[in-house]
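Encoded as structure tokens, the structure appears first; notes follow it.
Residue numbers (our numbering): 2 to 542.
This is how it looks when you write it as structure tokens:
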């Protein structure tokens, strides 16, 4: 079987892991493994809204026949908190201090009923990891969403797991107490011991912390076993004479899910792998989804939209009565912003869990106003570097310190803030993928020097590329960049203002790379060819 669920060697345990795993065996712990059982408990959990929206084909998902969408709302918290994140091995992390806090947190849940949940991440024989979550009573809605988001245990997947490739990795264990408070951690604490596959989530009510916390360790396991970890979407276009596999990577709001699920007005037969979490095998180029369901923003799908038929659970979303007096969701972000829903795998009619064909193109989705709607990147080092410096604009809602440039880019390497391993691992793997023949494109899904780039234009560009009709030409004097000429979106380096802005945004990336060589003792330092690739572009302006 895939991961190791019993003691084999001291190398697979640590102080944090043995502290956390021990808590799973206490006499106040009950097993809760099926979505059906979790649904019944969540429906009775105080504060749950039982809507009148029926779940589509619930029995295929392990739910009761008459299941309805359950809504649960948190308080002030409406998203993940990066500031609460701590990782074993980081310079500022005092292991003894955090180990004591974790022991104390586990001690105090002895008076409460705890649920032990199990599931799988990775949906193919080549990569499966067993997951364990320990969660207190009265948080049954988190339990339900977690079991639906990952693959709950059933006869089919249990057999797949037994027959899957064995990994020298321990099962993943996650302990959570959403009610925990500590004066030293007003925002809560998300603590990771990645080498031992264990996480502790304290003071975190938001379901997204549980989803991404679990994925953080799953991605780390994949990285150690020859896979490129992808926080993105992947789909295959089944064309008449060929198949074309496209992967899109972008930060929240960049259009990643929209592009992944786009049906292109029925022009193409499309197969979807996933819109958020998958891995690429560097040996054979195949891709594997890590989870069956989708966790998406609700604001892009107003009530009445056919896509909402596939909602399973909803979080931080409003409710109201329709004309028939039935309780329905207010999916527009009126209540708080960042309303979310777990959606069924049935949302994608041609959904698969593995795509054998190698990725033909990677699209870095950015909101950089100095970039035209699409740029083709030819150099392997530059392609990997632009992924490592994947960027977006600051929002007008941000409060900035004095002296901070409001136009400076916000960079998140490979759109994945959940990395616990050195950044060079991702850089090296994506560079390898490009060297193996995968093409690289940047799609600007924001605006070009103040002119909006609509989603319809972005989709038309992708369509032209996949059918081989995308005509690219050399861009200015750049040796490794090409552009598609699009009316009203033509970059002009004779415009001094544009040239200065373009250089400034490249310098943002340059400074980011330099900073990474220093921060955290150089943990995320990129190879020298990465810095050289950006300097070459600057020199060619």
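Just so you know, even glycine gets a beta-carbon here, dropped at the ideal spot from N, CA and C.
Suppose contacts are defined by Cβ-Cβ distances below 8 Å. Is residue i in contact with residue j by that definition?
i	j	result
residue 113	residue 137	yes
residue 140	residue 31	no
residue 311	residue 266	no
residue 111	residue 27	yes
residue 147	residue 134	yes
residue 229	residue 281	yes
residue 471	residue 477	no
residue 262	residue 416	no
residue 313	residue 50	no
residue 122	residue 191	no
residue 178	residue 145	no
residue 213	residue 81	yes
residue 504	residue 542	yes
residue 392	residue 412	yes
residue 39	residue 107	no
residue 418	residue 84	no
residue 16	residue 96	yes
residue 246	residue 364	no
residue 102	residue 183	yes
Could you work out which residue in the options is closest to residue i when comparing CA atoms only?
i	options	result
residue 390	372, 379, 367, 380	367
residue 349	264, 60, 291	264
residue 532	443, 518, 524, 541	518
residue 437	359, 383, 424	359
residue 325	54, 210, 19, 426	54
residue 383	369, 473, 501, 442	442
residue 273	15, 238, 421	238
residue 543	496, 430, 125	In the structure as shown, the chain begins at 2 and stops at 542. Residue 543 is therefore absent and cannot be evaluated.
residue 240	219, 271, 257	271
residue 235	258, 253, 224	258
residue 530	381, 453, 494	381
residue 242	537, 525, 15, 467	467
residue 339	203, 474, 75, 158	75
residue 376	62, 159, 291, 463	463
residue 217	485, 292, 481, 149	292
residue 524	490, 420, 79	420
residue 77	290, 157, 66, 187	187
residue 52	66, 58, 73, 65	73
residue 491	309, 480, 296, 454	454
residue 537	526, 183, 482, 290	482
residue 163	181, 176, 128	128
residue 219	189, 60, 124	124
residue 22	176, 88, 79	176
residue 432	451, 388, 67	388
residue 298	94, 451, 290, 255	255
residue 414	479, 526, 434, 475	526
residue 98	244, 185, 64	185
residue 209	315, 307, 251, 302	315
residue 540	520, 500, 132	500
Is there a Cβ of chain B sitting closer than 8 Å to that of residue i, yes or no?
i	result
residue 426	The chain inventory of the structure shown lacks chain B, comprising one protein chain alone.
My assumption, with CB atoms under 8 Å, is that residue i sits in contact with residue j. Please give the rounded CB distance.
i	j	result
residue 18	residue 194	6 Å
residue 119	residue 34	5 Å
residue 304	residue 343	Wrong, their Cβ atoms sit about 17 Å apart, outside the cutoff.
residue 287	residue 279	Residue 287 to residue 279, Cβ: 10 Å. No contact.
residue 86	residue 20	About 19 Å separates the two Cβ atoms, so there is no contact after all.
residue 1	residue 534	Lying before the first or after the last residue shown, residue 1 is absent from the chain, which here runs from 2 to 542.
residue 154	residue 126	Not really, about 16 Å apart at Cβ, beyond 8 Å.
residue 422	residue 528	Incorrect: roughly 15 Å between the Cβ atoms, too far for contact.
residue 62	residue 92	Not quite, the Cβ-Cβ distance comes to about 44 Å (not below 8 Å), so this is no contact.
residue 150	residue 294	5 Å
residue 496	residue 410	Not quite, the Cβ-Cβ distance comes to about 20 Å (not below 8 Å), so this is no contact.
residue 224	residue 354	Not really, about 20 Å apart at Cβ, beyond 8 Å.
residue 222	residue 89	Residue 222 to residue 89, Cβ: 15 Å. No contact.
residue 485	residue 494	Actually they do not touch by this definition, with Cβ atoms about 17 Å apart.
task = Could you tell me whether the segment 163 to 179 touches the segment 194 to 212, where touching means 3 or more Cβ pairs closer than 8 Å?
result = yes
ask   = Unbroken alpha helix (DSSP H) runs of length 4 or more, entirely within the segment 120 to 154: which are they?
value = 141 to 150
Three or more C-beta pairs below 8 Å linking the segment 301 to 320 and the segment 328 to 338 = yes
query = Which residue spans inside the segment 338 to 396 form an unbroken alpha helix (DSSP H) run of at least 4?
reply = 381 to 389
key: the segment 445 to 465 in contact with the segment 512 to 527 per 3-pair CB rule at 8 Å   = Between the segment 445 to 465 and the segment 512 to 527 there are fewer than three inter-stretch CB-CB distances shorter than 8 Å, so the stretches are not counted as touching.
request  = Ignoring anything shorter than 3 residues or poking outside the segment 454 to 488, list the beta strand (DSSP E) runs there in chain order.
outcome  = 482 to 484
task = Enumerate, from N- to C-terminal direction, the unbroken alpha helix (DSSP H) stretches of 4 or more residues contained entirely within the segment 232 to 320.
result = 257 to 262
key: Ordered list of beta strand (DSSP E) runs contained in the segment 55 to 94, each at least 3 residues   = 69 to 73, 86 to 88
message = For the structure I just gave you, are there three or more beta carbon pairs, one from the segment 141 to 160 and one from the segment 41 to 59, closer than 8 Å?
response = yes
task = Tell me, please, whether the segment 446 to 453 touches the segment 366 to 380 by the rule of three or more beta-carbon pairs shorter than 8 Å.
result = The answer is yes - the segment 366 to 380 touches the segment 446 to 453, with three or more Cβ pairs under 8 Å.
request  = Please list the segments of the alpha helix (DSSP H) lying wholly inside the segment 421 to 456, counting only runs of 4 or more residues, in order along the chain.
outcome  = Taking only runs of at least 4 residues, the alpha helix (DSSP H) segments lying wholly in the segment 421 to 456 are 424 to 436.
message = If we require 3 or more residues per run, which beta strand (DSSP E) segments fall completely within the segment 166 to 200?
response = 173 to 178, 190 to 194
Residue ranges of each beta strand (DSSP E) within the segment 20 to 54, 3 or longer = 30 to 32
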